[in-house]
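Chemist: Chains as they are written, first to last, in the working numbering: chain A, 122 to 472; chain B, 107 to 655; chain C, 83 to 423.
Structure incoming, see below.
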């Protein structure tokens, strides 16, 4: 796999060396790969994107694009010479230009014939050929989004950076655009990095997801790996939801209130741990003699999320199909059968 | 091993198009920007610095003149004049602003253009008009005496005359700003008030007026600062203010230091006002107007049509029709005007090109300044803001003298050319251009520039291809304001013009001392027509100027 | 122009600006002082009075001259500011006291033209820094519709009479002729008496106006009955068709006489065209120039043997003999004595 982006130990501080926005981030993105940077607001994901784009100067580390150093302690290649495309959160379409002129903006150095063809291609790709004469205020949010994408893709950049691309869209449009953007990026074969705070979005579109927390890259891996075997408690909580229940390692098993789980990681006996339990790992079994009690039920459309109180008083969550209704207060039994058992040391925040 | 890696990487980078080192920066600025900032601060602050040094050199004499009993009284008088003139301008500007934007008054478009005309009439010409009409032997007092009245019915001289005239010829600032704000305000708020059972009057008082506050404040500021700095009109009207006192110090006592000390007080006063304004603006959130937003409600006037028309005609009558009618009468005939134009066409040309060059230079500098202020936070922006606002504060005469000393000493090859006149205009009216482009720029999303850079444009290209087209209305408005202010300028021009180089206002002044009313009036009419030209031609002035708040 | 703005192009604009500015900066403006051989004249005298003289000078000598018309005091301030690189060659002042101020600041060059010999000593600088070119007598102007000639007081000292309450106007000291007049009062009466006299006038409603044209127009229009002003203003008012008369005050045997304020011409120190400047000074004192100056502006000739025309010649009234040097000495005290005048 040819690498397109390489970040090595990149740091950025704001306010004259004060607050660290990102610390020692290292990251490699391969050609044609779609990587999501996921994290809560203020985690440094947008800063990372802006560092790659060339809108910010790093305080440490180096950034390579297409095998060429664009920033280290001595070199800084300005944004306009990095060959990256960027899609902004608010699209940043030039209001004084039509959709077509916006797309053409990045092709100023191309000869007329080639650029004309390229504009058609780009507009076709996003399916906006018939709206090319419109100004941004005459376009809907989704259409603006497509123009922004076409504009970023038109000069065939080595990488396209998308900053919270779907946050300004309403729910149904968002779902549609996710699919469309994913299809368009794939079709164009473009390498892309996008930033989002929406885990669902990240898991759905990205080949790999990087989770950032307080300026650090906590984990970067394929979506299912991130989901099933989070590296840190933060990742566990932020990607999907999770409960943690205490357990004790005894040989091949980890003994918890919910039963004994296989010691897949080969932890030493006698070690006190917390085991991560996802809501979809918990089965509720109707059992009048059951020791657990349903506390609340939240209907979420496709499923019901139950909060269940265990005999110890600890609560865990369980998601069940939307047609299966257990009234709150009902006594039930709880069954767990996780495929991946993820444990964290009790007193440690990492593992 | 590590070293080898780094070297390899560098070679790879070098094998690309260009090898680029990290650019050095000074604080948050690139060297070019820093140099530009230093240049502008030097340009704008040097006359003031010169002034303060002179004031300090005044030592005991300057201090004694400052601390003498007359300064507090003078301060009180000047502030009173400026405050009353501002209130009067508000009274004159707000009702027409509402009538012309929110009612179905017939001919309101034409009225809105006419309403700008007082900006084209220099207040000193307005002052002369009202002295002729309301002076002790003017037709009004004469008629009163003929009807058996004793003494004077009205006395134009003094504080109230000053208030009357200054307000009459500055209210368009308020009309413009309030008018644009009214046009762009969100009708939903008024609809909410209507739903709550308020009539048009109630809505105006309870909703519209409070929402107008920012634009009214901005307009008031322009009027207030103008009133502080005006010299010619107040001296004709025999009002004693800081500027007339400074003139007195200079021209009776040849006490340039005393004048400098007094000017320093005026500068501090102005800076105080500007700081207060900034504080006020700082808490405000601006509303970005979107195209296609619902236009505001237009109220049918019904039987209020006649009073609304009368109100509009009264304001326009006092500030436009009356002075122009009087000037036409004094000029006598069209022949006089043409003759004046024919014999004085080079004064017209002098006025035109100096004002145009000053306006253009101010617009370019203002773009740079507002860009630095808006896009690069920090002390440089603040310093630049302060430096470029100084022009408001220094009276024309003092600025003129200060520039003479400075430029004749250090760059004598500029001094004695018409470039000095341009420089005088530039320094006096740069604030107007800065406000114009700064307000426009603050509405442009910085992401747009980054988007352009991501698409292969340098910062300079991004500025040229994206930012400037977007803020053009604000820049054009700023240009127009600087142009019309410059072309009317008299006090600094008198000092800075090279021998043999007269502008239209200088010719009016000379004709006035010659007591040649016909020529004075014809020249005034030519000046007003010239000044009014861009007001009529630039259709988007309204929307541009509205960004000044 | 609309088109021009709608196609507003910053680059184009900037380049035009640059060109215009550099052209105007490098090339001397029309008749700028850089233009080598032109004589630069700063004149506080009105354009209508001085322009014909300058035109005649140009015709007679073939030299070129450029004029900057301004207020005498404003131009004096400019000359002071310009000392390091003087721009003006000639300064024409409506009041010699200003020349005396400039002379003391070392801003003037001395020259004693031959024709100035017949000018009485109080109307020229003893060191030759300036020369009087004509004079204006301090007079009482009255409105003939409101006052008869015989009612007009023969002495300025009688103006405190309650009869004139609120009916007299004078220009403030921004008009240097008023300042000189006050200085003369201090010289003649002494500080205490002068102060008492002026305070008496102020108590009697003396109206202090911005300048002399306000005074003569005010008297001519009947706003005031009497005005303390300068002799040419009487003729100006007459010319404007206003009902005015004039009285030269304090002519009696013990009277102090009427103060005559000279207009003056001076050569600026460091003048670039010294030879031409001297020729101009000679010329302005010549018969033909004097004829224009006096006729146009109703001034009193100072050079003997000049025909005064309709103006009263210097020899026909009693004038106050007081040197400008003495007046300049008194100036600071005078200003302090009458604050806010």
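Even glycine gets a Cβ: it sits at the ideal position worked out from N, Cα and C.
Residue 543 of chain B and residue 580 of chain B - do their beta-carbons sit closer together than 9 Å?
Modeler: Counted from its first residue, the second chain places residue 580 of chain B at position 474. Counted from its first residue, the second chain places residue 543 of chain B at position 437. A contact, by the Cβ cut-off of 9 Å.
Chemist: Quick check on residue 347 of chain A: buried or exposed, where buried means 16 or more other Cβ atoms within 10 Å of its Cβ?
Modeler: By one-based count along the first chain, residue 347 of chain A stands at place 226. Buried is the call here.
Chemist: With burial defined as no fewer than 16 other Cβ atoms inside 10 Å of the residue's Cβ, what is the status of residue 249 of chain B: buried or exposed?
Modeler: Indexing the second chain from 1 puts residue 249 of chain B at position 143. Exposed, by the Cβ-count rule.
Chemist: Sorry if obvious, but does the Cβ on residue 345 of chain C come closer than 8 Å to a heavy atom of the ligand MN?
Modeler: With respect to the ligand MN, the structure offers nothing, as it holds no ligand at all.
Chemist: Quick one: which residues of the region 567-590 of chain B get their C-beta closer than 7 Å to a C-beta of chain A? List them in chain order.
Modeler: Listed by position, the residues of the region 567-590 of chain B near chain A (Cβ gap below 7 Å) are 572, 575, 576.
Chemist: Between the alpha carbons of residue 662 of chain B and residue 455 of chain B, how many angstroms are there, rounded?
Modeler: Outside the displayed span of chain B (107 to 655) sits residue 662 of chain B, for which this structure offers no information.
Chemist: Using a Cβ-Cβ distance under 9 Å, would residue 551 of chain B count as near chain A?
Modeler: Residue 551 of chain B sits at position 445 when you count from the first residue of the second chain. Output row for residue 551 of chain B: interface = yes.
Chemist: At the level of alpha carbons, what is the spacing between residue 405 of chain A and residue 448 of chain A?
Modeler: By one-based count along the first chain, residue 405 of chain A stands at place 284. By one-based count along the first chain, residue 448 of chain A stands at place 327. Going by the C-alpha atoms only, they are around 12 Å apart.
Chemist: Start and end of the beta strand (DSSP E) containing residue 329 of chain A?
Modeler: As a first step, residue 329 of chain A is located in the first chain; it is residue number 208 there, counting from the start. Looking at the DSSP string, the run of the beta strand (DSSP E) that includes residue 329 of chain A is 329-334.
Chemist: Which residues in chain B sit within 7 Å of residue 201 of chain A, going by Cβ to Cβ distance?
Modeler: The residue you call residue 201 of chain A lines up with position 80 of the first chain. What residue 201 of chain A touches in chain B: 559, 562, 563, 564.
Chemist: For residue 566 of chain B, count neighbouring C-beta atoms within 10 Å of its own C-beta (all shown protein chains included) and say buried if the count is 16 or more, exposed if not.
Modeler: The residue you call residue 566 of chain B lines up with position 460 of the second chain. Under this definition residue 566 of chain B is an exposed residue.
Chemist: Taking 9 Å as the cut-off, decide whether the C-beta atoms of residue 506 of chain B and residue 597 of chain B are in contact.
Modeler: Start at 1 with the first residue of the second chain, and residue 506 of chain B comes out as number 400. Start at 1 with the first residue of the second chain, and residue 597 of chain B comes out as number 491. Closer than 9 Å, so yes.
Chemist: Less than 9 Å between the beta carbons of residue 557 of chain B and residue 214 of chain A, yes or no?
Modeler: Working through the second chain from its first residue, we reach residue 557 of chain B at position 451. Working through the first chain from its first residue, we reach residue 214 of chain A at position 93. Yes.
Chemist: Any beta carbon of chain C sitting closer than 9 Å to that of residue 544 of chain B?
Modeler: Mapped onto the second chain, residue 544 of chain B falls at position 438. Not one chain C Cβ lies under 9 Å of residue 544 of chain B.
Chemist: Taking three-plus beta-carbon pairs below 8 Å as touching, is the region 605-625 of chain B in contact with the region 189-198 of chain B?
Modeler: The region 605-625 of chain B is not in contact with the region 189-198 of chain B.
Chemist: What's the C-alpha gap between residue 301 of chain C and residue 183 of chain C?
Modeler: For the purposes of this step, residue 301 of chain C is taken as the residue at position 219 of the third chain. For the purposes of this step, residue 183 of chain C is taken as the residue at position 101 of the third chain. Going from the Cα of residue 301 of chain C to the Cα of residue 183 of chain C covers about 32 Å.
Chemist: DSSP three-state call for residue 640 of chain B: helix, strand or coil?
Modeler: Against the second chain, residue 640 of chain B aligns to sequence position 534. Helix at residue 640 of chain B.
Chemist: Taking residue 419 of chain B as the reference, give the member of B:231, B:264, B:159, B:218 with the closest Cα.
Modeler: Taking the first residue of the second chain as 1, we reach residue 419 of chain B at position 313. Of the candidates B:231, B:264, B:159, B:218, the one whose C-alpha sits nearest the C-alpha of residue 419 of chain B is B:218.
Chemist: Per DSSP, residue 438 of chain A is paired with what?
Modeler: The residue given as residue 438 of chain A occupies position 317 in the first chain. Residue 438 of chain A pairs with A:428.
Chemist: Which residues of chain B have a Cβ atom closer than 8 Å to the Cβ of residue 417 of chain C, listed in chain order?
Modeler: For the purposes of this step, residue 417 of chain C is taken as the residue at position 335 of the third chain. Simply 358, 359.
Chemist: What separation, rounded to the nearest whole angstrom, lies between the Cα atoms of residue 204 of chain C and residue 178 of chain C?
Modeler: For this step, residue 204 of chain C is matched to residue 122 along the third chain. For this step, residue 178 of chain C is matched to residue 96 along the third chain. So the alpha carbons of these two residues sit roughly 10 Å apart.
Chemist: Answer yes or no: does any C-beta atom of chain A fall closer than 9 Å to that of residue 642 of chain B?
Modeler: On the second chain, residue 642 of chain B is found 536 positions in, with the first residue counted as 1. No, its Cβ sits nowhere closer than 9 Å to a Cβ of chain A.
Chemist: Which term fits residue 209 of chain A, buried or exposed, when burial requires 16 or more other beta carbons within 10 angstroms of its beta carbon?
Modeler: As a working mapping, residue 209 of chain A is identified with position 88 in the first chain. Residue 209 of chain A should be labelled buried.
Chemist: Just how far apart, CA to CA, sit residue 575 of chain B and residue 333 of chain A?
Modeler: If you number the second chain from 1, residue 575 of chain B lands on position 469. If you number the first chain from 1, residue 333 of chain A lands on position 212. C-alpha separation (whole angstroms): 39 Å.
Chemist: For residue 221 of chain B, decide whether its Cβ has a neighbour in chain C, counting only Cβ atoms nearer than 9 Å.
Modeler: As a position in the second chain, residue 221 of chain B is number 115, starting the count at 1. Answer no: the Cβ-Cβ gap between residue 221 of chain B and chain C never drops below 9 Å.
Chemist: Residue ranges of each beta strand (DSSP E) run of no fewer than 3 residues wholly in the region 132-216 of chain C, ordered along the chain?
Modeler: The region 132-216 of chain C contains these whole beta strand (DSSP E) runs: 147-151, 172-175.
Chemist: For residue 108 of chain C, collect the residues of the same chain with a Cβ closer than 6 Å to its Cβ; drop the 5 residues on either side in sequence, then sort them by chain order.
Modeler: Locating residue 108 of chain C in the third chain gives position 26, counting from the first residue. In this prediction, residue 108 of chain C has a pLDDT of 45, which is less than 50 and means its spatial position is unreliable; what the coordinates show is noted afterwards. Once the five neighbours on either side are set aside, residue 108 of chain C has no close Cβ partner at all.
Chemist: Is the Cβ of residue 362 of chain B closer than 9 Å to any Cβ of chain C?
Modeler: Here residue 362 of chain B is taken as the residue at index 256 of the second chain, counted from 1. By this cut-off, residue 362 of chain B is an interface position.
Chemist: For residue 383 of chain A, which three-state DSSP category applies?
Modeler: Taking the first chain and counting its residues from 1, the one referred to as residue 383 of chain A is at position 262. Looking at residue 383 of chain A - three-state DSSP - the assignment turns out to be strand.
Chemist: Within the 9 Å Cβ cut-off, does residue 369 of chain C reach chain B?
Modeler: Translated into positions along the third chain, residue 369 of chain C becomes position 287. No, no contact with chain B.
Chemist: Using a 10 Å radius around the Cβ and a threshold of 16 neighbouring Cβ atoms, would you call residue 519 of chain B buried or exposed?
Modeler: Taking the first residue of the second chain as 1, we reach residue 519 of chain B at position 413. Residue 519 of chain B comes out exposed.
Chemist: Looking at residue 193 of chain C: is its Cβ nearer than 9 Å to the Cβ of residue 214 of chain C?
Modeler: Along the third chain, read from residue 1 onward, the residue named residue 193 of chain C stands at position 111. Along the third chain, read from residue 1 onward, the residue named residue 214 of chain C stands at position 132. No, they are not a contact pair.
Chemist: At 7 Å on the CB atoms, spell out the chain B contacts of residue 216 of chain C, in chain order.
Modeler: Translated into the one-based positions of the third chain, residue 216 of chain C becomes position 134. Within chain B, no residue comes near residue 216 of chain C; the closest Cβ sits about 17 Å away, beyond 7 Å.
Chemist: Closer than 7 Å by beta-carbon distance: list the chain B residues that pair up with residue 227 of chain A, in chain order.
Modeler: Residue 227 of chain A sits at position 106 when you count from the first residue of the first chain. Those within 7 Å of residue 227 of chain A in chain B are 561, 562.
Chemist: With a Cβ-Cβ cutoff of 9 Å, do residue 156 of chain A and residue 175 of chain A count as a contact?
Modeler: For the purposes of this step, residue 156 of chain A is taken as the residue at position 35 of the first chain. For the purposes of this step, residue 175 of chain A is taken as the residue at position 54 of the first chain. Their beta carbons are not under 9 Å apart, which means residue 156 of chain A does not touch residue 175 of chain A by this criterion.
Chemist: In its own chain, which residues sit with a C-beta less than 6 Å from the C-beta of residue 380 of chain C, not counting the 5 before and 5 after it?
Modeler: Your numbering for residue 380 of chain C matches position 298 in the third chain. Counting only Cβ-Cβ distances below 6 Å, and skipping sequence neighbours, we find 314, 317, 393.
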